[in-house]
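Top to bottom, those sequences are chains A and B.
Straight run, no breaks: the first sequence in the numbering used here ends on number 306.
Straight run, no breaks: the second sequence in the numbering used here ends on number 434.
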Amino acid sequence: MNIIGPDKLIWGVEDLAAAKQFAVDYGLTPQNEHYYSALDGTGIEIRAKDDKSLPAALTTGSMLRKTVYGVKDQATLDAIKAEFTDREVKVLADGSLELVDDMGFVLGFQITIRTTNTEKAERINAPGDVNREINQPGVTKTDVPRVQSLSHVVYFVPDSVKAEAFFANRLGFVTTDRFTGVGPFMRPAATQDHHTIFFIQAPAFMQGCEHFTFHMAGPTDVVQAGTNMVNKGYQSFWGPGRHLFGSNWFWYFKSPFGCNMEYDADMDQHDESWQGREAMIGPDNSQAFLLQYREKWAPGPGGPKP
Amino acid sequence: MVQSLKLTMNKIFLGVIDDFAEEQAKGFDLNHSGSDTFFIVRSKNKLFAYKDSCPHYGDTTLPWKRHHYLNNVAEYIVCAAHGALFQIENGKCIQGPCLGQKLTKVPIEISEQNEIWIDQTIIKEFNL
Numbered sequence: 001m002n003i004i005g006p007d008k009l010i011w012g013v014e015d016l017a018a019a020k021q022f023a024v025d026y027g028l029t030p031q032n033e034h035y036y037s038a039l040d041g042t043g044i045e046i047r048a049k050d051d052k053s054l055p056a057a058l059t060t061g062s063m064l065r066k067t068v069y070g071v072k073d074q075a076t077l078d079a080i081k082a083e084f085t086d087r088e089v090k091v092l093a094d095g096s097l098e099l100v101d102d103m104g105f106v107l108g109f110q111i112t113i114r115t116t117n118t119e120k121a122e123r124i125n126a127p128g129d130v131n132r133e134i135n136q137p138g139v140t141k142t143d144v145p146r147v148q149s150l151s152h153v154v155y156f157v158p159d160s161v162k163a164e165a166f167f168a169n170r171l172g173f174v175t176t177d178r179f180t181g182v183g184p185f186m187r188p189a190a191t192q193d194h195h196t197i198f199f200i201q202a203p204a205f206m207q208g209c210e211h212f213t214f215h216m217a218g219p220t221d222v223v224q225a226g227t228n229m230v231n232k233g234y235q236s237f238w239g240p241g242r243h244l245f246g247s248n249w250f251w252y253f254k255s256p257f258g259c260n261m262e263y264d265a266d267m268d269q270h271d272e273s274w275q276g277r278e279a280m281i282g283p284d285n286s287q288a289f290l291l292q293y294r295e296k297w298a299p300g301p302g303g304p305k306p
Numbered sequence: 307m308v309q310s311l312k313l314t315m316n317k318i319f320l321g322v323i324d325d326f327a328e329e330q331a332k333g334f335d336l337n338h339s340g341s342d343t344f345f346i347v348r349s350k351n352k353l354f355a356y357k358d359s360c361p362h363y364g365d366t367t368l369p370w371k372r373h374h375y376l377n378n379v380a381e382y383i384v385c386a387a388h389g390a391l392f393q394i395e396n397g398k399c400i401q402g403p404c405l406g407q408k409l410t411k412v413p414i415e416i417s418e419q420n421e422i423w424i425d426q427t428i429i430k431e432f433n434l
């Protein structure tokens with residue numbers, strides 16, 4: 001099935017003002033009272049937890065109410081509707097589909113809203129391999145990192161085998177890598193991103209969103225955007241660093257969405273020839289390296305020192 | 307806001323009760339490490355102090371922004387990493403990844419003048 005990846009996450013939050021301010025400070029652009037988007041139109045819908053338009057909440061307290069996937073065309077929507085004869089598939093007023101998956105998460109499917117309106121990847125120069133335009137500085141003090149596209153969602157699930165089977169067998173996702181006994185990284189058929197979902201095996205009372213992530217143009221923007229968040233008083237959870245599975249640079253922040261919100265960049269791309277890997281989860285396999293923020297500093301008291 | 311350190315008899319002054327509005331919390335970074343190590347909540351006219359460390363992983367702090375330890379209606383202490391909720395009066399997690407576990411209570415002292423103090427031995431013992 002030609003599913004591309006998450007178009008939109010719909011939230012029912014406790015502190016509406018804080019969540020909206022966080023979204024803006026993270027770098028998303030308000031499109032209306034509820035919707036905050038990245039450059040390509042993907043984004044998050046933020047509503048109060050008692051908003052009547054929201055799908056029912058899980059009993060675990062998770063604030064994520066719905067994950068809406070973007071698909072390539074109407075034929076894909078038709079195929080999804082035809083696939084799920086074993087459950088109710090609602091056709092909403094906007095033509096999108098809504099169903100509940102085998103874990104109890106509400107999923108939506110729509111012809112994707114993503115545009116090609118993203119920026120070029122960060123370009124770097126190396127001896128003999130020059131990628132940035134001549135006379136173009138790689139970074140300046142006035143650069144503003146811009147959030148490019150909704151990347152992936154990580155879920156705590158009570159049965160990661162069942163979750164993987166649902167997405168593989170019913171929706172055509174492929175497992176790219178796996179943490180043993182924890183769960184799979186999966187990508188849908190119409191993207192080459194290493195993963196748009198990752199499942200983490202957890203007790204049933206934890207079911208919900210562990211984190212969600214937007215792509216940035218490169219590692220410089222991940223670190224600059226994260227630094228901006230720290231300077232606004234937000235608190236880092238993990239990072240900056242670079243993951244091994246997916247190779248994506250990362251920086252996670254705690255958020256008023258009841259889960260972490262991550263910046264990432266430079267994720268591996270895969271096709272059918274990729275042979276998935278498996279490893280035990282832990283610090284050594286979760287990242288190539290991990291750094292920690294500190295305030296700007298330079299040698300010497302206010303200037304160069306011999 | 308960390309007070310400028312006032313030392314008396316091996317104790318550090320943390321402020322006075324009136325520094326805390328009802329149903330509000332404040333984090334403390336006595337070592338100026340850049341990250342608060344414990345926090346005090348004023349609730350129902352009592353003070354409760356806990357280590358700023360979520361029992362889920364044991365070494366990550368709770369708030370999404372400095373001093374934001376309480377949920378919107380100031381009913382629970384909340385860890386913003388994965389939404390765990392803790393009872394203010396005893397630190398017990400009633401929802402989230404560390405269900406049933408407790409925040410680590412930090413002993414503080416309140417003088418007859420309503421001054422709040424913490425003993426240096428507590429700072430050392432709790433690695434604050």
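Don't be surprised by glycine CBs; every beta carbon is placed ideally from N, CA and C.
Since the model is a prediction, treat every value here as computed from it, not as a measurement.
Minimum Cβ-Cβ distance from residue i to chain A less than 8 Å
i             : result
residue 388/B : yes
residue 402/B : yes
residue 405/B : yes
residue 366/B : yes
residue 357/B : no
residue 337/B : no
residue 433/B : no
residue 371/B : yes
residue 377/B : yes
Span separating the alpha-carbon of residue i from that of residue j
i             : j             : result
residue 42/A  : residue 247/A : 22 Å
residue 1/A   : residue 112/A : 13 Å
residue 434/B : residue 332/B : 14 Å
residue 327/B : residue 348/B : 7 Å
residue 16/A  : residue 129/A : 48 Å
residue 387/B : residue 365/B : 12 Å
residue 300/A : residue 339/B : 21 Å
residue 146/A : residue 224/A : 10 Å
residue 155/A : residue 177/A : 16 Å
residue 48/A  : residue 13/A  : 5 Å
residue 79/A  : residue 170/A : 10 Å
residue 331/A : residue 334/B : With chain A running from 1 to 306 in the structure shown, residue 331/A is simply not present.
residue 96/A  : residue 194/A : 26 Å
residue 251/A : residue 149/A : 16 Å
Min CB distance residue i to chain B below 8 Å
i             : result
residue 234/A : yes
residue 255/A : yes
residue 285/A : no
residue 41/A  : no
residue 61/A  : yes
residue 205/A : yes
residue 14/A  : yes
residue 260/A : yes
residue 237/A : yes
residue 45/A  : no
residue 210/A : yes
Span of the beta strand (DSSP E) around residue i
i             : result
residue 421/B : 421-425
residue 48/A  : 43-48
residue 151/A : 149-157
residue 110/A : 106-111
residue 20/A  : Run containing residue 20/A: none in the beta strand (DSSP E); it sits in the alpha helix (DSSP H), 16-26.
residue 260/A : 260-265
residue 134/A : Per DSSP, residue 134/A belongs to no beta strand (DSSP E) and is neither H nor E.
residue 6/A   : 3-13
residue 293/A : First-last for residue 293/A: undefined, no H or E at that position.
residue 278/A : 277-279
residue 390/B : 390-393
Residue closest to residue i, alpha-carbon to alpha-carbon, out of the options
i             : options                       : result
residue 255/A : 6/A, 24/A and 5/A             : 24/A
residue 293/A : 282/A, 241/A, 280/A and 257/A : 241/A
residue 71/A  : 205/A, 267/A, 257/A and 115/A : 115/A
residue 428/B : 320/B, 346/B, 377/B and 412/B : 412/B
residue 18/A  : 408/B, 417/B, 377/B and 406/B : 377/B
residue 329/B : 340/B, 383/B, 407/B and 420/B : 383/B
residue 73/A  : 110/A, 225/A and 83/A         : 110/A
residue 357/B : 316/B, 400/B and 369/B        : 369/B
residue 192/A : 155/A, 204/A and 151/A        : 151/A
residue 94/A  : 108/A, 47/A and 101/A         : 108/A
residue 291/A : 96/A, 218/A and 227/A         : 227/A
residue 144/A : 238/A, 26/A, 194/A and 286/A  : 26/A
residue 214/A : 260/A, 33/A and 203/A         : 260/A
Limits of the unbroken alpha helix (DSSP H) element including residue i
i             : result
residue 332/A : Examination of residue 332/A is not possible in this model, given that chain A is present from 1 through 306 alone.
residue 83/A  : 74-83
residue 412/B : Here residue 412/B belongs to no alpha helix (DSSP H), and DSSP marks it neither H nor E.
residue 286/A : 283-286
Length-filtered (4 minimum) alpha helix (DSSP H) runs lying within the stretch 175-257 of chain A: List check, alpha helix (DSSP H) in window: 219-231.
Minimum length 3: unbroken beta strand (DSSP E) runs contained in the stretch 335-371 of chain B: List check, beta strand (DSSP E) in window: 344-349 and 352-357.
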